[in-house]
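**Student:**
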Amino acid sequence: MGAGYAALLYSAKAPWSRPLNYALAALRFVVVSFLCFLLLSPFVKTTTTTTEAPTIVLAVDNSQSVGLFTPPAVLRQATEGLQQLATALRGQGFRVETQVLPPSPARDVRPDSVRFQAPATDLDGLLTNVREGYDGRNLAGVVLVSDGLVNQGRSPVYSEFNFPIYSVAVGDTVPKRDLSVPTLNYNRVAFSGNRFPIEAEIGYEGFGGGTATVQLRENGRALQTKQVNLPPNQRRQKTTFLLTAPAPGKRRYEVAVQPQTGEFTTLNNTRNAYVEVVKGKLKVLLAGAAPHPDIKALRGAILQNDNFDLTVYLPGIAPLKAQDYDVAILHQLPTRTGEGADVLAQVRSRRIPTLFIVGAQSDLNAYNNLGTGLTIAPRGQQTDEVTPVLNAAFARFSFEEDALRRFAAYPPAPVPFGEYRLGGGAEVALYQQVGRLKTQKPLLVFGGTPEQRRATLLTDGGWQWRLQEAADHADRPEAYDRLITRTLQLLTANANKKRLDVYPTQDAFTTADEITFGAETYNAIFERIYGQKIELTLTDEQQRTRNYSFTNSEDSAPLRLGTLPGGVYRYVARATLGGQNQQDRGELLVQEQQLESLTARADHNLLYQLARRSGSRLYYPQQFAQLTQDIQKANYKPVIYSQESIKDLINLKWLFFLLLALVTAEWAARKYSGSI
1 MGAGYAALLY SAKAPWSRPL NYALAALRFV VVSFLCFLLL SPFVKTTTTT
51 TEAPTIVLAV DNSQSVGLFT PPAVLRQATE GLQQLATALR GQGFRVETQV
101 LPPSPARDVR PDSVRFQAPA TDLDGLLTNV REGYDGRNLA GVVLVSDGLV
151 NQGRSPVYSE FNFPIYSVAV GDTVPKRDLS VPTLNYNRVA FSGNRFPIEA
201 EIGYEGFGGG TATVQLRENG RALQTKQVNL PPNQRRQKTT FLLTAPAPGK
251 RRYEVAVQPQ TGEFTTLNNT RNAYVEVVKG KLKVLLAGAA PHPDIKALRG
301 AILQNDNFDL TVYLPGIAPL KAQDYDVAIL HQLPTRTGEG ADVLAQVRSR
351 RIPTLFIVGA QSDLNAYNNL GTGLTIAPRG QQTDEVTPVL NAAFARFSFE
401 EDALRRFAAY PPAPVPFGEY RLGGGAEVAL YQQVGRLKTQ KPLLVFGGTP
451 EQRRATLLTD GGWQWRLQEA ADHADRPEAY DRLITRTLQL LTANANKKRL
501 DVYPTQDAFT TADEITFGAE TYNAIFERIY GQKIELTLTD EQQRTRNYSF
551 TNSEDSAPLR LGTLPGGVYR YVARATLGGQ NQQDRGELLV QEQQLESLTA
601 RADHNLLYQL ARRSGSRLYY PQQFAQLTQD IQKANYKPVI YSQESIKDLI
651 NLKWLFFLLL ALVTAEWAAR KYSGSI
């Protein structure tokens with residue numbers, strides 16, 4: 001076709017020379033021929049090869065125990081040996097990367113610049129991160145430098161790793177003369193005026209047959225002192241202190257063993273107990289329209305918390321006792337058939353904070369008149385099957401990451417299908433997820449007024465969630481139980497009229513947690529307002545103060561204070577709202593973790609087992625030269641990856657411009673020579 005087209009076009013007599021005529025014919029031949037060729041859909045197949053060098057990961061246990069109990073000379077030898085190993089392996093064509101315990105630094109660290117400051121040791125988590133992060137890559141092996149002491153997560157010997165582990169043992173396995181307080185057993189909540197125990201376990205090595213002086217202190221003042229006998233054929237002994245709970249508030253008690261001559265370290269001689277003293281149990285009324293498995297699930301969740309005194313009521317079985325309840329749960333009340341009118345009347349008259357559970361028997365028209373902050377316009381008897389999903393902007397209480405994973409595994413539960421309208425001041429804690437679609441329809445809503453707080457859970461199928469979670473997590477439905485108890489606590493907390501409400505976002509923090517505060521501000525008619533400047537003062541147990549200033553915003557972003565030392569802090573928040581000075585007070589509990597100082601004796605047997613199971617062996621810091629040779633002898637090879645790609649020739653952009661250039665050249669030559 002190209003030749004015929006060129007011959008037909010350029011066979012006639014032309015006003016230009018014969019050589020130019022042949023050239024123009026050739027251009028037209030090439031363009032038309034190639035266009036016809038493209039109609040056959042030709043393609044280009046390319047093969048790309050990449051070479052990945054074998055990778056050695058230096059997994060360094062940078063926990064405090066390594067720095068505390070490894071002799072300085074040995075630790076220096078280990079870090080310098082790691083750097084020399086990395087240099088030697090890179091010279092042999094290896095790729096060498098360093099991993100440390102979380103929180104990992106954003107930048108890559110040199111092995112000889114690692115700071116041993118991690119507050120806990122999770123070797124299984126460290127090795128699992130390596131396994132997942134290098135999945136599908138040319139991972140030759142892992143050099144693990146550790147003392148073998150694990151105090152968080154499970155032991156790594158129970159996990160399977162598909163790469164060699166070259167264990168390098170640091171620390172000291174020689175038994176030390178030492179006294180310690182490994183554990184304290186006590187109830188986290190005590191009621192004012194009641195007696196409660198604190199049981200201390202005293203660990204001892206090298207002091208068998210003697211006695212130890214153990215003190216219980218508060219704010220440096222000794223409350224009780226005991227002499228504890230240390231039997232020679234044991235390593236641990238228990239003693240119990242009995243206390244009378246003082247006035248309500250958060251308390252920190254310290255159990256301390258007096259140091260003795262020849263003791264290796266005194267870092268593990270103390271341990272803290274954190275007890276919240278409350279005025280009395282919160283009285284909870286759980287009233288249902290009829291027997292229902294959801295009522296049993298709610299009852300089970302509430303009874304897990306010692307701070308609640310539960311009364312269950314079903315209409316027609318027994319009369320409702322007239323008493324002052326702190327909070328009520330109304331399951332499918334009000335109903336279409338009118339049961340439970342006495343319960344509703346008592347809740348209204350006494351202004352009891354209430355959690356409404358909406359179900360198939362609920363009278364939604366009557367519910368809409370209760371001022372809960374939510375209005376439901378159902379579409380007949382239709383329902384949606386939903387699972388809970390977190391509203392990220394909700395900050396009244398927090399959900400743990402583990403709880404969010406458990407929520408995702410819940411079976412769908414029925415909710416009324418229709419339109420939902422939120423009133424002023426109402427907040428959504430959980431949204432509905434239908435299948436994989438996350439909607440903006442509420443599932444758990446907090447509303448009402450400051451005089452009578454209300455919450456609504458729009459399903460009576462929560463019992464399925466508790467059963468599923470118990471089946472999946474060894475009969476421990478913690479996420480569901482916490483959701484219910486925290487909802488009740490929020491309904492009963494700060495129920496008075498406060499225009500400034502500042503609160504910690506968790507019941508308790510640890511020294512490794514970032515401390516966060518939430519804040520709410522209201523105008524004179526208790527409408528939420530934003531952009532208010534708030535001054536916050538924290539006072540610790542030594543009366544030292546820390547001052548912060550922040551502005552609350554509509555996205556409910558919390559105030560982040562970073563980490564704090566362990567202890568009980570009092571806080572005072574101040575703001576000027578509408579020209580009036582407002583103030584709020586409270587307490588903050590930060591629990592001190594002493595995991596790394598509890599055990600001074602290294603566990604090299606764990607490191608030996610890890611290395612042996614992976615086909616390697618155990619090394620010591622003075623054997624890094626041998627370790628380098630063994631890795632080189634293993635003869636790890638680079639991996640060559642090839643990838644084929646097929647692309648239609650017509651999609652190559654440069655061909656378009658080439659054809660355009662040829663056509664343009666032909667047109668320009670004809671134009672220049674006196675023809676078109």
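1 is the number of the first residue of the sequence shown in my numbering; add one for each residue after it. Backbone N, C-alpha and C fix where the C-beta goes; we use that ideal spot for every residue, glycine too.
(1) Among Leu490, Val389, Ala59 and Ala512, which one has its Cα closest to the Cα of glycine 448?
(2) Mind pulling the beta strand (DSSP E) runs of 3 or more residues that sit fully within the segment 212-261?
(3) Determine the DSSP secondary structure at aspartate 112, reduced to helix, strand or coil.
(4) Exposed or buried, what is isoleucine 165 when buried is set at 16 or more other beta-carbons lying within 10 Å of its beta-carbon?
(5) So within the segment 114-148, which uninterrupted beta strand (DSSP E) runs reach at least 3 residues, ignoring any that extend past its ends?
(6) Compare the C-alpha of alanine 408 against each of Leu437, Arg421 and Phe624 and name the closest.
(7) Do three or more CB pairs link the segment 189-198 to the segment 168-179 at distances below 8 Å?
(8) Report yes or no: do the segment 658-674 and the segment 64-77 share at least 3 C-beta pairs separated by less than 8 Å?
(9) So, helix, strand or coil for glutamate 592, using DSSP?
(10) How close, in whole Å, do the beta carbons of valine 445 and threonine 456 come, if the pair is a contact with beta carbons under 8 Å?
(11) Can you list, in chain order, the residues of its chain with a C-beta nearer than 8 Å to that of glutamine 591? Leave out the 5 residues immediately preceding and following it.
(12) Between the Cα of valine 255 and those of Asn219, Gln304 and Asn391, spot the shortest distance and give me the residue it belongs to.
(13) On the DSSP letters alone, give me the boundaries of the alpha helix (DSSP H) that arginine 613 sits inside.
(14) For histidine 604 and glycine 148, which I take to be in contact (beta-carbon distance under 8 Å), what is that distance rounded to the nearest angstrom?
(15) So is phenylalanine 207 buried or exposed if we call it buried at 16+ other beta carbons inside 10 Å?
(16) Cβ of glutamate 554 within 8 Å of Cβ of tyrosine 522?
(17) Using only alpha-carbon positions, find the residue among Ala301, Asp342 and Gly338 that is nearest to tyrosine 313.
(18) Secondary structure at glutamate 666, three-state DSSP: helix, strand or coil?
(19) Going by DSSP in three states, alanine 625 sits in which element: helix, strand or coil?
(20) Quick check on the DSSP output: what are the complete beta strand (DSSP E) runs of length 3 or more inside the segment 33-92, in order along the chain?
(21) Could you have a look at alanine 573 and say whether DSSP puts it in helix, strand or coil?
(22) If we ignore side chains and look at the alpha-carbon of each, how far apart do tyrosine 569 and glutamine 594 end up?
(23) For the alpha helix (DSSP H) containing phenylalanine 417, list its first residue and its last residue.
(24) Considering only the beta carbon of each residue, do leucine 298 and isoleucine 329 sit closer than 8 Å?
(25) Could you check how far apart the C-beta atoms of aspartate 294 and glycine 462 are, in whole angstroms? I think they sit under 8 Å.
(26) If we ignore side chains and look at the alpha-carbon of each, how far apart do asparagine 496 and serine 155 end up?
(27) Quick one: is alanine 289 near chain B, going by C-beta distance under 8 Å?
(28) Give a yes or no on whether the C-beta atoms belonging to alanine 403 and glycine 340 are separated by under 8 Å.
(29) Asparagine 679: which of Glu469, Ile515 and Ala377 sits nearest, CA to CA?
(30) Please confirm whether any heavy atom of the ligand HEM lies closer than 7 Å to the CB of aspartate 172.
(31) I'd like the ranges of any alpha helix (DSSP H) spanning at least 4 consecutive residues and lying wholly in the segment 321-388.
(32) Can you say whether threonine 70 is buried or exposed, counting buried as having 16 or more other CB atoms within 10 angstroms of its CB?
(33) Report the rounded CA-to-CA distance for alanine 106 versus glutamine 506, giving the unit in angstroms.
(34) Give me the Cα-Cα distance between lysine 238 and glutamate 201, rounded to the nearest whole angstrom.
(35) Could you compute how far the alpha carbon of alanine 479 sits from the alpha carbon of asparagine 547?
**Tutor:** Well, looking at it:
(1) Leu490
(2) 221-229, 236-244 and 249-257
(3) helix
(4) buried
(5) 139-146
(6) Scanning Leu437, Arg421 and Phe624 for the CA closest to the CA of alanine 408 turns up Leu437.
(7) no
(8) Taking 8 Å as the limit for Cβ pairs, the verdict is that the segment 64-77 does not touch the segment 658-674.
(9) coil
(10) The beta carbons of valine 445 and threonine 456 sit about 5 Å from each other, so the pair counts as a contact at 8 Å.
(11) Cβ within range, chain order: Asn272, Tyr274, Ala508, Phe509, Thr510, Thr511 and Gly566.
(12) Asn219
(13) 604-613
(14) Contact holds; Cβ gap of about 6 Å.
(15) buried
(16) no
(17) Asp342
(18) DSSP, read as helix, strand or coil, puts glutamate 666 in helix.
(19) helix
(20) 43-52 and 55-60
(21) strand
(22) 19 Å
(23) Segment 413-422 is the beta strand (DSSP E) holding phenylalanine 417; no alpha helix (DSSP H) there.
(24) yes
(25) For aspartate 294 against glycine 462, the beta-carbon gap comes to about 6 Å, under 8 Å, which counts as contact.
(26) Confidence in asparagine 496 is poor, its pLDDT being 48 and thus under 50, which makes the residue's placement unreliable; the coordinate value appears in the next sentence. Approximately 49 Å between the Cα atoms of the pair.
(27) Of the protein chains in the structure, only one exists, and it is not chain B.
(28) no
(29) The question about residue 679 has no answer here: the residues shown for the chain are numbered 1 through 676.
(30) You won't find the ligand HEM in this model; it holds no ligand whatsoever.
(31) Considered as a whole, the segment 321-388 harbours 341-350 and 364-368 as its complete alpha helix (DSSP H) runs of no fewer than 4 residues, in chain order.
(32) Buried, since its Cβ has 16 or more Cβ neighbours within 10 Å.
(33) The pLDDT assigned to alanine 106 is 47, lower than 50, so where the model puts this residue is not dependable, and the model offers no usable value.
(34) 4 Å
(35) Here the C-alpha atom of alanine 479 lies approximately 34 Å from the C-alpha atom of asparagine 547.
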